[in-house]
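Reading through the structure tokens given below for one structure.
There are 4 protein chains.
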Amino acid sequence: MAHGYDENKDRLLKRLNRIEGQIRGLGKMVADDKYCIDILTQISAARSALDKVAVELVRDHAKHCLSGHSAAGKTDEKADELADAISRML
Amino acid sequence: MAHGYDENKDRLLKRLNRIEGQIRGLGKMVADDKYCIDILTQISAARSALDKVAVELVRDHAKHCLSGHSAAGKTDEKADELADAISRML
Amino acid sequence: MAHGYDENKDRLLKRLNRIEGQIRGLGKMVADDKYCIDILTQISAARSALDKVAVELVRDHAKHCLSGHSAAGKTDEKADELADAISRML
Amino acid sequence: MAHGYDENKDRLLKRLNRIEGQIRGLGKMVADDKYCIDILTQISAARSALDKVAVELVRDHAKHCLSGHSAAGKTDEKADELADAISRML
Chain A
174 MAHGYDENKD
184 RLLKRLNRIE
194 GQIRGLGKMV
204 ADDKYCIDIL
214 TQISAARSAL
224 DKVAVELVRD
234 HAKHCLSGHS
244 AAGKTDEKAD
254 ELADAISRML
Chain B
174 MAHGYDENKD
184 RLLKRLNRIE
194 GQIRGLGKMV
204 ADDKYCIDIL
214 TQISAARSAL
224 DKVAVELVRD
234 HAKHCLSGHS
244 AAGKTDEKAD
254 ELADAISRML
Chain C
174 MAHGYDENKD
184 RLLKRLNRIE
194 GQIRGLGKMV
204 ADDKYCIDIL
214 TQISAARSAL
224 DKVAVELVRD
234 HAKHCLSGHS
244 AAGKTDEKAD
254 ELADAISRML
Chain D
174 MAHGYDENKD
184 RLLKRLNRIE
194 GQIRGLGKMV
204 ADDKYCIDIL
214 TQISAARSAL
224 DKVAVELVRD
234 HAKHCLSGHS
244 AAGKTDEKAD
254 ELADAISRML
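Protein chains in written order, with my numbering: chain A, 174 to 263; chain B, 174 to 263; chain C, 174 to 263; chain D, 174 to 263.
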């Protein structure tokens with residue numbers, strides 16, 4: 174099934190790969206007894222990177238739906254779905 | 174000009190009115206030397222209330238755009254606008 | 174009762190006053206049928222301003238507690254209180 | 174060097190390990206063409222899990238500092254550090 178993010182799939186996968194590395198790095202920081210505040214700073218960085226993936230998904234999804242690819246007559250449902258997903262991020 | 178939130182205008186205004194009261198209440202807490210942590214708790218409440226207004230605007234906007242009210246040929250622009258607005262909230 | 178934010182009270186009150194004005198401005202934008210995305214942008218601005226007040230309260234509170242003003246033997250309780258307050262903001 | 178989170182090190186490592194798995198799962202969802210909104214929901218879950226790690230670090234750090242383990246005379250510096258770290262999370 175085609176999705177809004179199809180074109181950006183490689184880019185999204187690369188980003189997620191990098192975030193996975195960031196989380197692994199956080200584990201290493203904890204294992205190596207790094208300073209709390211430095212770990213918090215890296216958590217913020219990983220969180221921002223995740224937020225960017227979310228925003229790209231929203232962007233691609235919105236483009237996909239707006240260009241008429243969402244099932245006709247389901248516009249309210251699609252809008253609710255998106256708003257609820259964003260609500261869970263805030 | 175018609176907007177997505179037209180139908181919910183009264184409800185949005187009521188919510189914003191209540192948030193304005195919450196912020197005024199925060200000022201009163203500071204003026205009355207209330208305990209920091211209690212003020213932080215009320216800040217979280219006001220913040221959540223603002224987030225709910227944002228989510229309702231996103232919902233109404235998405236419904237409006239998806240139901241074909243957005244100018245034809247501007248779908249990418251609309252999607253970018255929305256994604257960028259969400260990005261500023263995260 | 175003395176609090177961590179005593180010295181910054183005027184500054185905090187000024188900030189909260191300004192945020193109250195921002196929320197009132199949001200109400201006016203809705204009443205005047207302004208464009209959703211522009212309202213969302215202003216919501217982000219009000220939210221950031223609230224976050225800054227929260228951070229200042231955390232800063233003053235931490236300074237106050239760390240400089241020995243928190244009741245002895247209650248350090249764990251104070252730390253939990255702070256962590257829980259931050260948890261509600263995230 | 175002793176840190177606030179020493180006692181919770183195993184628990185933190187377990188949590189970070191689980192989050193790493195969540196991020197890997199996100200990559201798999203993208204690779205498998207899962208539905209955007211479902212991916213967004215899983216991003217929210219990973220983000221919340223990261224936030225919980227951050228809150229635990231703040232809690233342990235605050236306990237550590239408040240119980241007198243932070244270098245004397247550096248209380249303002251410690252408080253600023255913490256407030257700035259939280260500011261980057263909001």
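C-beta atoms are modelled at their ideal positions from N, C-alpha and C, and glycine is treated no differently.
List, in chain order, every chain A residue whose beta-carbon is nearer than 8 Å to that of residue i.
i	result
D/Glu-229	Correct list: empty, because the minimum Cβ distance to chain A is about 10 Å.
The alpha helix (DSSP H) with residue i in it runs from where to where?
i	result
B/Glu-180	First-last for B/Glu-180: undefined, no H or E at that position.
B/Asp-211	209-237
B/Lys-251	248-262
For residue i, which residues in the same chain have their Cβ closer than 6 Å to its Cβ, ignoring the five residues on either side in sequence?
i	result
A/Lys-207	none
B/Gln-215	Leu-199
A/Ala-258	none
Taking Cβ-Cβ distances shorter than 9 Å, what residues in chain B pair up with residue i?
i	result
A/Asp-253	Arg-232, Ala-235 and Lys-236
Let me check understanding here. Comparing Cα to Cα, which of the options lies closest to residue i?
i	options	result
B/Gly-233	A/Leu-199, A/Arg-191 and A/Ala-256	Note on identity: in this sequence residue 233 of chain B is Asp, with Gly being the wrong assignment. Cα-wise, what sits closest to B/Asp-233 is A/Ala-256.
D/Asp-249	C/Arg-188, C/Asp-253, C/Lys-251 and C/Gly-241	C/Gly-241
D/Gln-195	D/Glu-180, D/Ala-235, D/Asp-205 and D/Ile-212	D/Ile-212
B/Glu-180	B/Arg-191, B/Ala-252, B/Arg-220 and B/Lys-236	B/Lys-236
A/Asp-253	D/Asp-205, D/Gly-200, D/Asn-190 and D/Ile-210	D/Ile-210
A/Val-203	D/Ala-204, D/Gly-200, D/Ser-221 and D/His-176	D/His-176
D/Leu-223	A/Ile-192, A/Ala-258, A/Leu-239 and A/Arg-188	A/Ile-192
A/Asp-205	D/Cys-238, D/Arg-220, D/Asp-183 and D/Gly-200	D/Asp-183
A/Leu-189	D/Arg-261, D/Arg-188, D/Asn-190 and D/Lys-201	D/Lys-201
D/Ser-260	C/Ser-217, C/Val-231 and C/Lys-187	C/Val-231
C/Gly-251	D/Ser-221, D/Ser-217 and D/Cys-238	Per the sequence shown, residue 251 of chain C should be read as Lys rather than Gly. The residue with the shortest Cα to Cα distance from C/Lys-251 is D/Cys-238.
Name the chain B residues that come within less than 8 Å of residue i, Cβ to Cβ?
i	result
C/Gly-200	Leu-186, Leu-189, Asn-190 and Glu-193
With a threshold of 7 Å on Cβ separation, who are the neighbours of residue i within its own chain once the five nearest residues in sequence on each side are excluded?
i	result
D/Leu-185	Tyr-178, Val-226 and Glu-229
A/Arg-197	none
D/Met-174	Unreliable placement is indicated for D/Met-174, whose pLDDT of 49 sits below 50; no coordinate value is reported for it.
Using a Cβ cut-off of 7 Å, pull out every chain A residue sitting near residue i, in sequence order please.
i	result
B/Asp-224	Leu-263
B/Ala-256	Val-228, Val-231, Arg-232 and Ala-235
Identify the contact partners of residue i in chain B, using a Cβ-Cβ distance below 7 Å as the criterion.
i	result
A/Ser-240	Thr-248
Who are the neighbours of residue i on chain D, taking C-beta pairs under 7 Å?
i	result
C/Ile-259	Val-228, Val-231 and Ile-259
Can you find the residues in the same chain that come closer than 8 Å, C-beta to C-beta, to residue i, ignoring five residues on each side of it along the sequence?
i	result
C/Ala-219	Ile-192, Gln-195, Ile-196 and Leu-199
A/Gly-246	none
D/Met-262	Asp-224 and Ala-227
D/Lys-187	none
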